[in-house]
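Undergrad:
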Amino acid sequence: MTEQNLHQFIQKLLRGHTSNESDVQSDLHAALQLMGYTTAQTEYLTGEGPVDIAIPDQGVFVEAKAPGKVGPELPGSRDNETQLEQLTRYVRAWQDRERDMFESHVDETVCGVLTDGRAWWVWDFTEEPPRRERMLYLREGQESRLETLLRGLGDPNALTIPSAAELALELKPLQDELKSLYERVWDYNESPIPTKRAVWETLLQASGIPPGTGHVEELFVTHTFLVILARVVAGLLANEWTQLPGSEVWEGFPAWVGEDGNPDGEKWVHSLYNFNALYDWRSAPGDLLRDLYMEMVDKSQRKVFGEYYTPDWVAAELASRVLDDKWLADATEKALSDGASAESLSGTGVLDPACGSGTFLFHAARRILTHLEKDTYLQDKARADAVVRLVHGLDIHPVAVEMARATLLSALPAAPTDGRMALQIFQGDALRVQRQAGAGLFREGGKYLLMSTKGKSIPLPLAFLKRGDRIKSVQDFVGSADKGDPLPVHLTYGLDRDDKEELAAAHNSLTVVCCEEGNSIWGWYILNTMAPFLLAERKVDRILANPPWVRLSEIQDRERKQEMTDLAQDLVLWTGGQRATGFDIAQLFVVRCCELYLPSPDTQHWGGRAAWLVNAASMRTGTWKRFRDLPHMRNAQYLDFSSVREKPFHGADCAAWLVGEGNSRVSRQRLVMRSPVDRIRRQDAWETVASKACWEDMPDPPPESPSAWLDDNGKPLARNGATLFPKVLVCIQSERELDGDRSVIVTEKSNKGTWKSIPPRKGEVPRAWIRDVVFANDLLPFALRPQVSRMLLPVDDTGKWDPACDKHPFWQQLEKLYVQRRGKGKTTPATLKARLDRHAQLRKQFPLPDRPIWVVYNGSGAALRAARFKDMIVEHGCYRVAASSPNEAAFLVALLNADCMQDRLHATMETDRHFDTHFWRKLPLPRLDVNRQDHQALVRLAVRCEQSVQAWLEEVADVSKGQIALSRDIRLHLTETGLSAELDAAVKDLLSDLDRE
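Going by full-length UniProt numbering, the residue at position 924 of the sequence shown is 924; the numbering climbs one at a time, nothing skipped.
Set out below in structure tokens:
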């Protein structure tokens with residue numbers, strides 16, 4: 001009954017059923033008592049008059065007003081007094097009285113509230129002046145929001161932000177509501193959506209990876225949602241909302257939500273605001289919006305953009321290394337000096353040119369704030385102002401920069417003096433590549449080209465855009481054009497004659513564009529895309545970044561791909577040839593951004609200091625060789641994170657390069673676990689990680705030397721397996737034997753391309769056509785799965801196709817499907833048989849050995865695995881090596897599986913994931929010498945490992961697990977049995993002898 005009565009009182013408050021202040025007071029008082037605030041009193045005497053409701057033991061004071069007559073600036077109970085001043089008078093009088101009576105109460109939190117039941121203002125009166133914590137305008141249907149707010153008055157923990165997963169779930173109804181709004185706005189006459197979506201697609205296309213055709217609308221709505229959410233949160237953190245937010249949160253491509261006074265859009269924004277206004281976003285743990293983005297955007301879309309968001313512990317460690325004590329002292333002194341400005345801070349600051357959601361910006365800010373806390377007399381707002389003057393961010397992704405702004409604000413102890421306007425985080429191409437066609441990016445020659453969505457180009461003079469008040473100037477320039485007003489004269493002050501004429505012409509052109517294509521975009525567009533140019537002029541002296549991990553082959557936009565290729569060649573990083581598709585554009589960011597934004601004392605050195613978090617392959621692979629050979633990298637520090645359990649990027653090995661001043665010599669370190677049972681979690685603080693792991697120096701890699709497993713022409717004896725594709729036509733999911741020599745099979749569903757729409761096929765076939773095939777997923781250390789993959793391959797024991805298959809009805813059905821669905825390229829095999837035996841990779845495996853003299857290993861992955869086998873076909877994801885005997889095969893398997901070999905094998909990789917055949921030319925792997933006792937001992941040890949693993953698979957293992965989990969468990973089993981240590985010792989001794997030869 002209590003809950004029902006509580007709901008009734010809360011409903012009455014939100015319904016605004018009365019015009020009397022006393023009714024609001026009595027309904028709210030009743031609700032508070034039903035919620036457990038038993039000490040709540042009405043007309044409580046404070047010493048300066050009675051406050052409407054007080055909960056004195058919890059420091060809560062509420063001044064109620066009649067519906068529609070509440071507001072901090074509205075008249076209070078005395079002449080020349082606002083309602084906020086009235087509430088302040090009551091609270092301060094109570095605080096003075098308490099201070100006189102109970103000194104222990106002085107520092108306790110005191111909360112003051114103004115409300116009419118629907119509009120709510122809440123202040124923290126612990127500070128002077130009082131700090132507004134939240135403002136909400138609630139309506140019927142939001143009873144749960146009001147109940148949460150009231151519980152939070154006495155229990156701040158009730159307003160703690162939930163986890164990203166919980167938050168995404170709670171936001172789901174609002175996300176669905178936005179999708180519905182999108183559908184309604186799309187149906188409007190002269191809908192604003194096409195223009196806004198065209199701008200959005202242009203922004204994404206500039207990154208080289210436009211949205212896929214199948215998910216454009218869904219992704220556009222999701223990006224709109226995330227941008228407006230981030231702006232709402234940023235406004236809350238900056239204490240900007242004196243009323244419900246409006247056009248300032250949907251500026252740019254999200255403008256379709258509320259443009260032209262769309263009441264549904266405004267109502268939706270207000271609901272989103274009220275949802276978030278309840279929470280204390282400044283107490284959010286680290287980069288919460290990053291985690292929310294990862295919950296709300298599909299993993300496949302994030303991977304396409306090379307988005308590997310940095311864990312907080314990694315960012316904190318790199319920030320501590322780059323933002324050293326001397327830099328902190330010098331930079332903060334400049335930032336806190338009288339008259340600090342962009343000009344006075346030229347050459348000083350920290351930049352993340354690929355800032356993503358702002359993780360590095362957050363930890364750079366926290367590092368600066370920790371230094372400033374030494375001055376206990378410095379106010380929080382001054383600290384915040386110093387941080388935003390020093391911290392800069394750029395990103396080409398339109399959602400990322402909005403999240404980064406909110407993330408940086410959440411790191412600050414208070415809102416900066418100029419609020420969000422003080423933030424130096426902008427959307428733009430940090431690489432500043434020269435476009436063949438205008439896309440809102442800078443061109444040379446003192447001109448900035450604004451390209452409208454319908455192809456109209458508007459040149460703007462840089463002198464205008466570089467004004468000290470450029471943000472306000474651009475807003476006035478665009479605003480007057482949108483209204484059809486003349487160019488404001490003050491915008492021309494300080495410009496020369498030519499620039500004045502060009503600015504006037506640009507204003508006339510923009511007036512036409514606003515009339516024909518709409519506004520809400522251009523001011524935002526100009527301010528963002530000009531940022532990289534201006535930042536390159538003023539420079540910074542520190543960089544912290546995790547650039548996009550994107551291979552050149554993954555860039556879908558041809559123009560952007562050509563730009564990246566040209567830039568790689570200009571920077572002397574291009575490798576070309578077979579390595580071209582594996583070229584990682586992260587290295588372009590490192591070199592180009594150091595050149596653009598750091599001071600350069602000469603052509604051989606970069607000034608300042610920078611940390612770049614990239615793929616660990618950068619230390620060893622051929623696609624990064626020219627990067628490593630740059631003179632600027634001679635004294636670089638290298639930090640390897642790939643040895644820790646639970647990789648920072650969900651399996652991807654990462655490393656950091658520290659470049660610039662302060663490096664006296666090349667150094668290489670890796671982070672290693674102190675205990676094999678410890679794990680690192682993404683949310684761990686660096687202090688927690690440091691208790692589980694430590695840095696150790698990495699040994700220099702041994703010199704390259706070819707193995708004994710090469711033919712007379714110096715080519716590796718390893719051969720790649722056959723490309724057995726498509727899966728739905730030949731890979732067997734289940735089989736059932738019939739009488740005689742026949743079986744009924746059901747094929748496995750494909751998960752790629754045009755084949756995934758085809759359902760599994762069922763048919764009766766000769767049992768002799770069914771073959772065991774080793775896929776990478778079947779391969780484990782020292783063993784194969786108890787049942788490897790089974791495939792339909794109508795070949796005989798010499799590798800020749802069975803002539804009967806051409807007339808077999810089931811095979812004819814499969815051939816027909818292949819011909820219908822195959823690609824149309826000139827090199828695409830014309831028949832299914834030709835597809836399966838492309839480059840004779842199937843045929844050349846025959847005859848299959850009847851003894852275990854073949855060794856199979858995986859062509860790619862995090863760790864190399866090897867096993868010996870017989871009488872099976874090898875698939876393209878693996879390589880096979882023919883040994884001269886079963887003993888030699890066991891010898892080789894021992895070498896390849898040894899833990900001590902993994903680092904050496906990784907060092908030979910030409911790309912970030914592929915072993916292929918590279919290591920055969922670079923590691924001195926010997927053939928079996930039957931006359932050497934250590935070789936024979938290694939053979940016996942390999943057999944013991946095989947037997948132990950086989951027994952474990954048969955008696956203990958859950959073979960339904962995936963390859964990664966099974967391989968990890970096998971290595972743990974070998975460690976626990978002591979076999980792994982024996983194997984490592986034997987292989988190390990053997991290799992050390994070879995290294996000395």
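Here a beta-carbon is modelled for each residue, glycine too, at the ideal position from N, C-alpha and C.
When DSSP labels each residue in this structure, what does residue 154 get in the three-state scheme?
TA: Walking along the sequence shown from the start, residue 154 turns up at place 154. Helix.
Undergrad: My output table needs one value for residue 957: the three-state DSSP class, helix, strand or coil.
TA: Reading the sequence shown from its first residue, position 957 is the one you call residue 957. Three-state DSSP puts residue 957 in coil, outside helix and strand.
Undergrad: Can you give me the start and stop residues for the alpha helix (DSSP H) that residue 274 sits inside?
TA: As a working note, residue 274 is residue 274 in the sequence shown. Looking at the DSSP string, the run of the alpha helix (DSSP H) that includes residue 274 is 263-277.
Undergrad: Fully enclosed by the stretch 640-684, which beta strand (DSSP E) runs are 3 residues long or longer?
TA: 654-660, 667-673
Undergrad: Taking residue 900 as the reference, which of 843, 947, 980 has the closest Cα?
TA: By 1-based counting over the sequence shown, the position of residue 900 is 900. Minimum Cα distance to residue 900 is reached at 980.
Undergrad: With a Cβ-Cβ cutoff of 9 Å, do residue 481 and residue 510 count as a contact?
TA: Along the sequence shown, read from residue 1 onward, the residue named residue 481 stands at position 481. Along the sequence shown, read from residue 1 onward, the residue named residue 510 stands at position 510. Yes, Cβ-Cβ distance for residue 481 and residue 510 is below 9 Å.
Undergrad: Distance check for residue 839 and residue 845, CA to CA, integer angstroms please.
TA: In the sequence shown, residue 845 corresponds to position 845, counting from 1. In the sequence shown, residue 839 corresponds to position 839, counting from 1. In a straight line, the C-alpha of residue 845 is about 12 Å away from that of residue 839.
Undergrad: Who are the near neighbours of residue 155 in its chain, counting only those whose CB is closer than 8 Å to its CB and skipping five residues on each side?
TA: The residue labelled residue 155 in the question sits at position 155 within the sequence shown. Within the same chain, residue 155 has no close Cβ partners at all.
Undergrad: Find out if the Cβ-Cβ distance for the pair residue 153, residue 55 is shorter than 9 Å.
TA: Working through the sequence shown from its first residue, we reach residue 153 at position 153. Working through the sequence shown from its first residue, we reach residue 55 at position 55. Closer than 9 Å, so yes.
Undergrad: Could you spell out where the alpha helix (DSSP H) holding residue 846 opens and where it closes?
TA: For the purposes of this step, residue 846 is taken as residue 846 along the sequence shown, with counting starting at 1. Taken as a continuous stretch (DSSP letters only), residue 846 belongs to no alpha helix (DSSP H), as it is neither H nor E.
Undergrad: Measure the C-alpha to C-alpha separation of residue 748 and residue 549 and round it to an integer number of angstroms.
TA: Looking up residue 748 in the sequence shown gives position 748. Looking up residue 549 in the sequence shown gives position 549. Distance between the alpha carbons of residue 748 and residue 549: 32 Å.
Undergrad: Any chance you could list the beta strand (DSSP E) runs of at least 3 consecutive residues sitting entirely within the stretch 762-796, in chain order?
TA: 762-766, 770-774, 789-792
Undergrad: Could you check the C-alpha separation between residue 422 and residue 386 for me, to the nearest Å?
TA: Here residue 422 refers to the residue found at position 422 when the sequence shown is read from its first residue. Here residue 386 refers to the residue found at position 386 when the sequence shown is read from its first residue. About 10 Å.
Undergrad: Tell me, to the nearest whole angstrom, how far the beta carbon of residue 768 is from that of residue 739; I am working on the premise that it is less than 8 Å.
TA: On the sequence shown, position 768 is the one that residue 768 refers to. On the sequence shown, position 739 is the one that residue 739 refers to. No, residue 768 and residue 739 are not in contact; Cβ-Cβ is about 15 Å, not under 8 Å.
Undergrad: With DSSP run on the structure shown, which of helix, strand or coil describes residue 832?
TA: As a first step, residue 832 is located in the sequence shown; it is residue number 832 there, counting from the start. Three-state DSSP puts residue 832 in a helix.
Undergrad: CA-CA distance, residue 804 and residue 755?
TA: The count along the sequence shown starts at 1 and reaches residue 804 at position 804. The count along the sequence shown starts at 1 and reaches residue 755 at position 755. A direct Cα-to-Cα measurement between residue 804 and residue 755 gives close to 26 Å.
Undergrad: Find the nearest neighbour of residue 384 within the set 397, 710, 861, 370, judged by alpha-carbon distance.
TA: By one-based count along the sequence shown, residue 384 stands at place 384. Out of 397, 710, 861, 370, 370 has the C-alpha closest to the C-alpha of residue 384.
Undergrad: Within 10 angstroms of its Cβ, does residue 888 collect 16 or more other Cβ (buried), or is it exposed?
TA: In the sequence shown, the residue the question calls residue 888 occupies position 888. Taking all protein chains in view, the Cβ of residue 888 is crowded by 16 or more other Cβ atoms within 10 Å, so the residue is classified as buried.
Undergrad: Specify whether the stretch 239-259 and the stretch 288-295 touch according to this definition: at least 3 beta carbon pairs, one from each stretch, less than 8 Å apart.
TA: no
Undergrad: What first and last residue would you give for the alpha helix (DSSP H) that runs through residue 50?
TA: Indexing the sequence shown from 1 puts residue 50 at position 50. Run containing residue 50: none in the alpha helix (DSSP H); it sits in the beta strand (DSSP E), 50-55.
Undergrad: Quick check: the Cα distance between residue 32 and residue 40, rounded to an integer number of angstroms?
TA: Here residue 32 refers to the residue found at position 32 of the sequence shown. Here residue 40 refers to the residue found at position 40 of the sequence shown. The alpha-carbon atoms of residue 32 and residue 40 are separated by roughly 7 Å.
Undergrad: Could you say if the stretch 372-381 and the stretch 562-579 meet the contact criterion of at least three C-beta pairs nearer than 8 Å?
TA: no
Undergrad: Pick helix, strand or coil for residue 526, following the three-state DSSP scheme.
TA: Residue mapping note: residue 526 aligns to position 526 of the sequence shown, counting from 1. Helix at residue 526.
Undergrad: Starting from residue 745, follow its DSSP beta bridges and name the residues at the other end.
TA: What you label residue 745 is simply residue 745 of the sequence shown in a count that begins at 1. Residue 745 is bridged to 735, 763.
Undergrad: In whole angstroms, what is the alpha-carbon distance linking residue 689 and residue 575?
TA: Taking the sequence shown and counting its residues from 1, one reaches residue 689 at position 689. Taking the sequence shown and counting its residues from 1, one reaches residue 575 at position 575. About 37 Å.
Undergrad: Do residue 920 and residue 776 have their C-beta atoms closer together than 9 Å?
TA: Position 920 of the sequence shown, counted from the first residue, corresponds to residue 920. Position 776 of the sequence shown, counted from the first residue, corresponds to residue 776. No, the Cβ-Cβ distance between residue 920 and residue 776 is not below 9 Å.
Undergrad: Exposed or buried, residue 129, counting other C-beta atoms within 10 Å across all chains shown (16 or more means buried)?
TA: The count along the sequence shown starts at 1 and reaches residue 129 at position 129. Within 10 angstroms of the beta-carbon of residue 129 lie fewer than 16 other beta-carbons, which makes it exposed.
Undergrad: In the structure shown, what three-state DSSP assignment does residue 186 receive?
TA: Along the sequence shown, read from residue 1 onward, the residue named residue 186 stands at position 186. If DSSP states are grouped into helix, strand and coil, residue 186 belongs with the helices.
Undergrad: Using beta-carbon positions only, say whether residue 393 and residue 431 come within less than 9 Å of one another.
TA: What you label residue 393 is simply residue 393 of the sequence shown in a count that begins at 1. What you label residue 431 is simply residue 431 of the sequence shown in a count that begins at 1. The criterion of a C-beta distance shorter than 9 Å is not satisfied by residue 393 and residue 431.
Undergrad: Can you round the beta-carbon distance between residue 909 and residue 538 to whole angstroms, since I take them to be within the 8 Å contact cut?
TA: Here the question's residue 909 lines up with position 909 in the sequence shown. Here the question's residue 538 lines up with position 538 in the sequence shown. Rounded to the nearest angstrom, the Cβ distance from residue 909 to residue 538 is 40 Å, too far for a contact under 8 Å.
Undergrad: Helix, strand or coil for residue 18 per DSSP?
TA: The sequence position of residue 18 within the sequence shown is 18, counting from 1. Correct three-state label for residue 18: coil.
Undergrad: In the structure shown, what three-state DSSP assignment does residue 451 receive?
TA: For this step, residue 451 is matched to residue 451 along the sequence shown. Strand, per DSSP.
Undergrad: Which ranges would you report for the alpha helix (DSSP H) in the UniProt domain "DNA methylase adenine-specific" (291-406) if only whole runs of at least 4 residues count?
TA: 299-304, 312-322, 325-336, 359-372, 380-390
Undergrad: Over what stretch of residues does the alpha helix (DSSP H) that includes residue 866 continue unbroken?
TA: As a working mapping, residue 866 is identified with position 866 in the sequence shown. Taken as a continuous stretch (DSSP letters only), residue 866 belongs to no alpha helix (DSSP H), being part of the beta strand (DSSP E) at 866-869.
Undergrad: Alpha carbon to alpha carbon, how far is residue 877 from residue 611? Give it in angstroms, no decimals.
TA: Position 611 of the sequence shown, counted from the start, is the residue given in the question as residue 611. Position 877 of the sequence shown, counted from the start, is the residue given in the question as residue 877. Rounded to whole angstroms, residue 611 to residue 877 spans 35 Å at the Cα level.
Undergrad: Of the residues 268, 252, 413, which one's Cα is nearest the Cα of residue 452?
TA: As a working mapping, residue 452 is identified with position 452 in the sequence shown. Per the Cα distances, 252.
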